[in-house]
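A quick write-up on the structure given underneath.
There are 2 protein chains.
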Amino acid sequence: MDKCTPESLLEGRNIKITRQRQIVLGAIIGTGKPFSASDLHDSLGSEMDLATIYRNLEMLCGEGIIRQVMNEKERQYYELACKHNPEHPHFYCNICGKIYCMKQDKPMRLKSRLPGDFTVEQTVLQYRGICPDCGKE
Amino acid sequence: MDKCTPESLLEGRNIKITRQRQIVLGAIIGTGKPFSASDLHDSLGSEMDLATIYRNLEMLCGEGIIRQVMNEKERQYYELACKHNPEHPHFYCNICGKIYCMKQDKPMRLKSRLPGDFTVEQTVLQYRGICPDCGKE
DNA sequence: GCCTAAATGCAAGTTGTTTGCAATTAAAAA
DNA sequence: TTTTTAATTGCAAACAACTTGCATTTAGGC
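Chains as they are written, first to last, in the numbering used here: chain Z, 42 to 178; chain V, 42 to 178.
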């Protein structure tokens, strides 16, 4: 099972491999968890322009290399969308705002059809509540 | 089965019944569908201050009179949370951005527990794709 | 009718995200 | 390898949704 690298994710796609794309993808692959634009910006030591990060996130999302996992009022979260990371539910902590990935046994239903000619491209399941850390005290 | 009125929704709650609260709640009851702050603002002919609308939506949400149904990047959507309108999934059209309510036979699981001491307060199920209107052409 | 705490309107502020544009750069062509 | 050129970047300014501070108004108890 091949590991993801910035280059393997971009190859065969007519996308220029720039230094900043390698850095951004490296950071995305490095963290196993959902991330926001400003998470990336912070983890890269604020050295890369936020506009570049936003532009690349949009591009990667359009290419299906990453996917949006949660739209919080204050921020958009993404995660890597490669085959090692199939779609799954997420948990949002109402107190600390952290997002957790929830494993599930059965794959989520996708691209199904609902009554009345709705074409479903994505089924989103999320839980909201109190995470173990915040529930402790 | 009693109908909702602005007054019935607010009664017994130590909340001042102001003119603008009656108007806002009237509009919310009037439309059967999910709405955003600016939907309300528009439907009221832009006569009520947006700050007032935002403050009242927050208050109504805290009181459990309305609930958030979807956080889109650009807007928060709410719906009436009275007993005539139990929780249910929603469909978001990726093309036109419209939100549809999806009826379902079994009530959604709520306030359940997941492994590892996650306390679930809300289970959100949503579909994203192409709505009947946008699928037509 | 009077009084007070709470709600409103207005204007200014915040925050996440987007856009215009000149300078840089990857990579195709020569 | 050098040249060429179209795409990408960084910067600064713009946007849009939402929030906040504050003086004025108002609901509702007295």
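All C-beta atoms in this analysis are idealised placements derived from N, C-alpha and C, irrespective of residue type, glycine included.
Since we're looking at a predicted model, the values are computed, not measured.
- A direct Cα-Cα distance of roughly 23 Å separates Z:I136 from Z:S84.
- With fewer than 16 other beta carbons inside 10 angstroms of its own, Z:T59 counts as exposed.
- Annotation: Z:E52 to Z:C45 spans about 11 Å, alpha carbon to alpha carbon.
- Contact between the region 156 to 166 of chain Z and the region 62 to 81 of chain V is absent: fewer than three C-beta pairs spanning the two stretches fall below 8 Å.
- Taking a cut-off of 8 Å on C-beta distances, the region 122 to 134 of chain Z does not touch the region 116 to 127 of chain V, as fewer than three cross pairs fall below it.
- Residue burial is scored here from C-beta neighbours: V:N55 has fewer than 16 other C-beta atoms within 10 angstroms and is therefore classed as exposed.
- Z:L91 and Z:L98 have their alpha carbons spaced roughly 10 Å apart.
- Interface with chain V (9 Å Cβ-Cβ cutoff): Z:E113 is included.
- For V:I107, the enclosing beta strand (DSSP E) has its first and last residue at I107 to E113.
- Boundaries of the beta strand (DSSP E) harbouring Z:C134: H131 to C134, taken from the DSSP string.
- Within 8 Å of the CB of V:V165, the CB atoms of chain Z belong to V165, L166, Q167, Y168 and R169, in sequence order along the chain.
- Its chain contains V65, A68 and I94 as the residues whose beta carbon lies nearer than 7 Å to that of Z:L81, once the 5 sequence neighbours on both sides are disregarded; these appear in chain order.
- The Cβ of V:G105 sits no closer than 9 Å to any Cβ of chain Z.
- Sequence-distant Cβ neighbours of Z:I106 in its own chain, meaning closer than 7 Å and more than five residues away, are L50 and A122.
- Within chain Z, the C-beta atoms nearer than 7 Å to that of V:D158 come from P173 and G176, in chain order.
- Assignment of V:L51 by DSSP, reduced to helix, strand and coil, places it in the helix class.
- In the structure shown, Z:T59 adopts coil according to DSSP, grouped into three states.
- Taking a beta-carbon distance threshold of 9 Å, Z:V161 counts as an interface residue toward chain V.
- Listed along chain V, no residue sits closer than 7 Å to Z:N55 by beta-carbon distance, the nearest being about 24 Å off.
- V:L101 carries a helical assignment under DSSP once its states are collapsed to helix, strand and coil.
- Per DSSP, the continuous alpha helix (DSSP H) segment holding V:L81 begins and ends at A78 to S84.
- Secondary structure of V:T72 (DSSP, three-state): coil.
- V:G170 counts as buried, since at least 16 other C-beta atoms from the protein chains shown sit within 10 angstroms of its C-beta.
- Here the alpha carbons of Z:Y118 and Z:E104 stand approximately 16 Å from one another.
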